[in-house]
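The structure appears right after this line, and notes come after that.
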Amino acid sequence: MEAHTLHRRLLALLLGIAVAACAVSATFVLLPTQDVRDQNTDYGYVYSGAKSSSTDFIHANMGQDTLLVLGSSEFSTPKSLVPQVPAATFGEHNYGKRFMLVGEAFDQCLWDTMAIGAIAKDGVPQNKVALIIGLGMFTDGGVDASTFSARFSYSLYRGFCSNKQIPDELRQKVKDRLAQQGVDTNTIRAGAPQNPLDAIDGVVLGGIDDLKIRSQLADVRSSGIPLANGPVEQPDWDALREQALQDAKRMSTNNDWGVEDKFYAEGLEPALPSLKDSRAEETYSNTPEYDDLDLFLQACDACGISPLIVIEPTLAPYYDYIGIGKDKRAAAYDRIREVVARHPSARLADFSDHEYEPYYLFDIVHFGWTGWIDAEKALYEFATEGN
Amino acid sequence: MARKKADTLRSKYDAFLGNHPLMGDVIVCTSVAAALIGLFLFVAFSGFGSSAEFIYNQF
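Protein sequences, first through last, are from chains A and B. Under my numbering, the first residue of the first sequence is numbered 1060, with each subsequent residue one higher. Under my numbering, the first residue of the second sequence is numbered 86, with each subsequent residue one higher.
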């Protein structure tokens, strides 16, 4: 190839790179930033991983009347299945308090630790947070690496690392746990850069994560509900619980365990013959989750936040059937209580004694009709305390 | 046979570029831009690595 042709091709290559750079820049400019919101819409009850990973969006949609509530798959329960979910009870009535639900299926205490550290960097309303946990998080072996990596949020990790209230020792413990969970070294280093290469990694990872979240927030913005703006009412918990019981009796008719009909008929009953004592080896003891819960509480302590730990029960008759007996579950609940008791600012809303109560769960692990009402009452009382 | 066909295609390509000298530059430019934009769109928006759906048997 002649020299002048080679030069032209080189210029063409550089032009191609420039065109691509312009296209990428245009994407950044055209997508709304994470903090864009509609003032009259409540996004607190939208179940979304993108929302849960965006501290800007979370902060833009919280007011002083908001209680930050961290959790996982229980937030995915639709109103059509359980009419008592927070989106209905608090989203459709102005009780003077709103919830910002943050978390998605498989988000566990290590994820929650990063989330509270990242969110608390810019303050949390009333310095309060609630965390909903259940025994499903404490199974032997902990959450596997592939599941964890699917839910790992670089943005939350970076926010956690940059929160100056978090002590170095705690930051290092989280980094060590991330390494154990299979997060690659470059990503861990990029969250708290020690050299220019780490910083470049951080810019690239942060930019890509920002774009992903911004593109996915479009779905969240179209899923909000009108802000409940009427006069402030006082919740009538007795009436709400009675209504929950009526709804439950209508929606749970084909089983004695008090779970939802379709779940029992399609998800549980066909599998039961093969499930008898199938989990007899489970101990709820061989897992890092208890230490991760402690990390979460340490992060709350460091940020001056009072946490309420809500213990969601499991469906006891089912767990007895699959071989995880009452004693094992009681030991796990005790261990959770011991971890919480180490932190004077932490409180418990312990519903584990409702394990055998029909209608408390709509499936085997998630709050159902009466369960949600009791949990919401605890959250509401926690949020209004001291006001 | 295949070799002869490839030679024919190559000579046609060279002849085309000889008659349209700018087309080679255009091909390089658009290929590079398309590859980079494609890579960017895949990494940023494909959902590759996004979170798993909730499944009961996890519990």
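Yeah, the Cβ is synthetic: ideal placement off N, Cα and C, and Gly gets one too. Note that the structure is a prediction, hence the values are computed from the model and not measured.
Quiz item: V1128(A) by DSSP, collapsed to three states: which one?
Solution: strand
Practice problem: Just the C-alpha distance for F139(B) and L1169(A), rounded to the nearest angstrom, thanks. | Solution: With a pLDDT of only 46 at F139(B), under 50, the local geometry of the prediction cannot be trusted, and the value read off the model is given with reservation. F139(B) and L1169(A): Cα-Cα distance of roughly 18 Å.
Quiz item: Does V1233(A) come within less than 9 Å of chain B when only Cβ atoms are used?
Solution: no
Self-check item: Inter-stretch contact at 8 Å, needing at least 3 Cβ pairs: the region 1157-1167 of chain A / the region 1097-1110 of chain A
Solution: yes
Quiz item: DSSP three-state call for F139(B): helix, strand or coil?
Solution: Summary for F139(B): the model assigns pLDDT 46, below 50, so the residue's position carries little reliability; its value from the coordinates is reported in the next sentence. Residue state, collapsed to three classes: coil.
Quiz item: Where F144(B) and L1304(A) are concerned, what is the direct C-alpha to C-alpha distance, given to the nearest angstrom?
Solution: The predicted position of F144(B) is uncertain, since its pLDDT is 38 and thus under 50; no value can be drawn from it.
Self-check item: Of the listed residues R1338(A), E1348(A), T1373(A), Y1349(A), nearest to I1381(A) (C-alpha basis)
Solution: R1338(A)
Exercise. Classify Q1098(A) as buried or exposed, calling it buried when 16 or more other Cβ atoms lie within 10 Å of its own Cβ.
Key: exposed
Quiz item: Just the Cα atoms here: how many angstroms apart are P1137(A) and L1367(A)?
Solution: 24 Å
Quiz item: Going straight from the alpha carbon of E1319(A) to that of T1373(A), what length do you get?
Solution: 15 Å
Quiz item: Applying a beta-carbon distance threshold of less than 9 Å, which residues of chain B neighbour G1075(A)?
Solution: V113, C114, T115, S116, V117, A118, A119, A120, L121
Practice problem: Report yes or no: do the region 1197-1214 of chain A and the region 1253-1271 of chain A share at least 3 C-beta pairs separated by less than 8 Å? | Solution: yes
Self-check item: Residue environment, H1413(A), which counts as buried when at least 16 other CB atoms sit within 10 Å
Solution: buried
Exercise. Taking T1206(A) as the reference, give the member of D1166(A), F1219(A), P1347(A), N1314(A) with the closest Cα.
Key: D1166(A)
Quiz item: Which partner residues does S1365(A) have in the DSSP bridge list?
Solution: K1187(A)
Exercise. Starting from the beta carbon of F130(B), find every residue of chain A whose beta carbon is closer than 8 Å, and list them in chain order.
Key: L1270, K1271, S1274
Practice problem: Give me the Cα-Cα distance between V1369(A) and P1091(A), rounded to the nearest whole angstrom. | Solution: 35 Å
Quiz item: From N1345(A), E1301(A), D1393(A), G1201(A), pick the residue whose C-alpha is nearest to that of Q1143(A); which is it?
Solution: E1301(A)
Quiz item: Could you check where the beta strand (DSSP E) with R1157(A) kicks off and where it finishes?
Solution: 1157-1161
Quiz prompt | Boundaries (first-last residue) of the beta strand (DSSP E) holding A1408(A) | solution = 1406-1409
Quiz item: Can A1179(A) and N1222(A) be called in contact, C-beta distance under 9 Å?
Solution: yes
Quiz item: Mind checking if I1267(A) is an interface residue toward chain B, Cβ cutoff 9 Å exclusive?
Solution: yes
Quiz prompt | Inter-residue spacing [alpha-carbon to alpha-carbon] between I1192(A) and C1359(A) | solution = 16 Å
Self-check item: Residue-level contact to chain B via CB, F1441(A), 9 Å cutoff
Solution: no
Quiz prompt | Inter-residue Cα distance where the pair is N142(B) and G1326(A) | solution = Residue placement at N142(B) is poorly supported in this model, since its pLDDT is 39, which falls under 50; the coordinates still yield a value, given next. N142(B) and G1326(A): Cα-Cα distance of roughly 10 Å.
Quiz item: Span of the alpha helix (DSSP H) holding K1234(A)?
Solution: 1227-1239
Exercise. With distances taken Cα to Cα, identify the nearest neighbour of S1274(A) among D1227(A), F1158(A), S1113(A), W1431(A).
Key: S1113(A)
Quiz item: Shorter than 9 Å from the beta carbon of A1389(A) to some beta carbon of chain B?
Solution: no
Quiz item: Does DSSP put L1356(A) in a helix, a strand or coil?
Solution: helix
Self-check item: C-beta atoms of M1140(A) and F1421(A) nearer than 9 Å
Solution: In the sequence as presented, Met is not what sits at residue 1140(A); that position holds Leu. Yes. Within cutoff.
Quiz prompt | Close Cβ partners of A137(B) (< 6 Å) along its chain, the five nearest in sequence each way excluded | solution = Unreliable placement is indicated for A137(B), whose pLDDT of 49 sits below 50; the coordinate value is still reported in the next sentence. So the list is empty, once near-sequence residues are dropped.
Quiz item: If L1438(A) and A1189(A) are in contact, beta carbons under 8 Å, what's the gap, nearest whole angstrom?
Solution: 6 Å
Quiz item: What in chain A is Cβ-close to G103(B), meaning under 9 Å?
Solution: The contacting residues do not exist; G103(B) stays about 11 Å from chain A at best.
Exercise. Flag this pair as yes or no: are the beta carbons of T1244(A) and F125(B) separated by less than 9 Å?
Key: no
Quiz item: F127(B) touches chain A at which residues, Cβ-Cβ below 7 Å?
Solution: Simply none; closest approach about 11 Å.
Self-check item: Local conformation of T1443(A) per DSSP, three classes
Solution: helix
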